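Reviewing the structure listed below.
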Amino acid sequence: SPQLPSQPPLVLELLRCDPDEMQVQSKIMAFLQQEQSGRGRQEKLSTFSLMCRMADQTLFSIVEWARSCIFFKELKVGDQMKLLHNCWSELLVLDHVFRQVQHGKESSLLLVTGQEMDLSSMGSQAGVTLSGLVQRGQVLAGRLLTLQVDRREVACLKFLLLFNPNVKLLENQAFVESVQEQVNGALLEYTLCTYPLYLDKFSQLVMRLPELRALSTQAEDYLCYKHLSGEVPCNNLLIEMLHAKRA
Amino acid sequence: KKKDNALLRYLLDKDDNT
């Protein structure tokens, strides 16, 4: 990746907050294996149920990431909760989509555990709605790949999602607005100095955010529906987040 | 009425007591 001296320091600071991917991967893998070993050999989990568990564990790592982040630490827990309630599914989708960008294969998904999942067999297992969501994710990943999005830009996008000034009833609204502005400015500066020939990269990147939000809303609707029909494993962070936002 | 998200609150609150 490009290493120019003129990179805005804030972008590097945001990148430093990113968790170690391999650490997250092995932690989630170990958790799922331990859970599986506690379950009888006969009780094999469905693909959907396994996906829910992966999403749930990824959410834990997202909360850990947020807690350790510059800016976020300065907020009171009440505001932290409001921000995370608002964007958890967007952060999950971005995490998934950017993993596919790095994976760079259209025929398979790279899961948070490092496992690869063949997409040709997905249709029969997952049903029409989930397959459609996955497909939309692949389209978004394709767009980001075309844009040649890099890790630093994704670090900025995560902050833009987290520090959403449209979240209601924040105690420290002004602070959230100022972080949003600072990160926007840093991302703009970063794209201009790192990709000087690619003048609209910033706006192209920012235009992906509403697409990401639309996809995450659809994914939430789907999860809600599955939850109401009793198919989502209970007592987890995923369901708590779903409740908090929809209640 | 919003349900309190106890698990999230716990995750955000932990280690922050002292």
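If you read the sequences in order, they're chains S and P. Going by the working numbering, the first residue of the first sequence is number 6, and it counts up by one from there. Going by the working numbering, the first residue of the second sequence is number 1135, and it counts up by one from there. We put the beta carbon where it would ideally sit given N, CA and C, even for glycine. Small disclaimer: the values here were computed from a predicted structure and weren't measured.
What residues of chain B sit near residue i, judged by a beta carbon separation below 9 Å?
i, result
"residue 89/S", "Absent from the structure: chain B. Protein chains present are S and P."
Beta-carbon within less than 8 Å of residue i's beta-carbon, same chain only, minus the 5 sequence neighbours each way: which residues are those?
i, result
"residue 147/S", "111"
"residue 109/S", "150"
With burial defined as no fewer than 16 other Cβ atoms inside 10 Å of the residue's Cβ, what is the status of residue i: buried or exposed?
i, result
"residue 43/S", "exposed"
"residue 246/S", "buried"
"residue 27/S", "exposed"
"residue 239/S", "exposed"
"residue 179/S", "exposed"
"residue 96/S", "buried"
"residue 62/S", "buried"
"residue 203/S", "exposed"
"residue 31/S", "exposed"
Candidates the options: which alpha carbon is nearest residue i's?
i, options, result
"residue 217/S", "98/S, 37/S, 78/S, 90/S", "98/S"
"residue 173/S", "15/S, 65/S, 242/S, 86/S", "86/S"
"residue 171/S", "63/S, 33/S, 182/S, 162/S", "182/S"
"residue 1142/P", "126/S, 117/S, 93/S, 157/S", "93/S"
"residue 152/S", "36/S, 120/S, 206/S, 142/S", "206/S"
"residue 159/S", "139/S, 38/S, 105/S, 120/S", "105/S"
"residue 271/S", "79/S, 61/S, 52/S", "Here chain S covers residues 6 to 252 and nothing more, so residue 271/S does not appear."
"residue 73/S", "210/S, 115/S, 25/S", "25/S"
"residue 212/S", "162/S, 185/S, 155/S, 236/S", "162/S"
"residue 2/S", "84/S, 29/S, 45/S, 113/S", "Within the shown structure, residues of chain S are numbered from 6 to 252, placing residue 2/S beyond reach of any answer."
"residue 12/S", "184/S, 230/S, 228/S, 201/S", "201/S"
"residue 185/S", "166/S, 126/S, 195/S, 197/S", "166/S"
Leaving out the 5 sequence neighbours to the left and right, which residues in its chain are closer than 7 Å to residue i when beta-carbon positions are compared?
i, result
"residue 89/S", "68, 71"
"residue 1151/P", "Because the pLDDT of residue 1151/P is 44, which lies under 50, any placement of that residue in the model is unreliable, and the number read from its coordinates should be weighed accordingly. So no residue of the chain qualifies."
"residue 60/S", "97, 243"
"residue 57/S", "237, 238, 243"
Name the chain P residues that come within less than 7 Å of residue i, Cβ to Cβ?
i, result
"residue 82/S", "1143, 1146, 1147"
"residue 85/S", "1146"
What does residue i reach in chain P if we use C-beta pairs closer than 8 Å?
i, result
"residue 246/S", "1139, 1142"
"residue 68/S", "1142, 1145, 1146"
"residue 105/S", "By Cβ distance, chain P contributes nothing, its closest Cβ being about 27 Å from residue 105/S, past 8 Å."
"residue 72/S", "1145, 1146"
Give me, in chain order, the residues of the same chain whose beta-carbon lies closer than 6 Å to that of residue i; leave out the 5 immediate sequence neighbours on both sides.
i, result
"residue 164/S", "19, 188"
"residue 102/S", "142, 145, 146"
"residue 34/S", "118"
"residue 225/S", "94"
Under 9 Å between beta-carbons, which chain P residues line up against residue i? List them in chain order, please.
i, result
"residue 59/S", "The contacting residues do not exist; residue 59/S stays about 17 Å from chain P at best."
"residue 242/S", "1139, 1141, 1142, 1145"
Please list the segments of the alpha helix (DSSP H) lying wholly inside the stretch 78–125 of chain S, counting only runs of 4 or more residues, in order along the chain.
Within the stretch 78–125 of chain S, the complete alpha helix (DSSP H) runs of at least 4 residues are 82–108.
Which complete beta strand (DSSP E) runs does the stretch 197–226 of chain S hold, if anything under 3 residues is left out?
Counting only unbroken stretches of 3 or more residues, no beta strand (DSSP E) element lies wholly within the stretch 197–226 of chain S.
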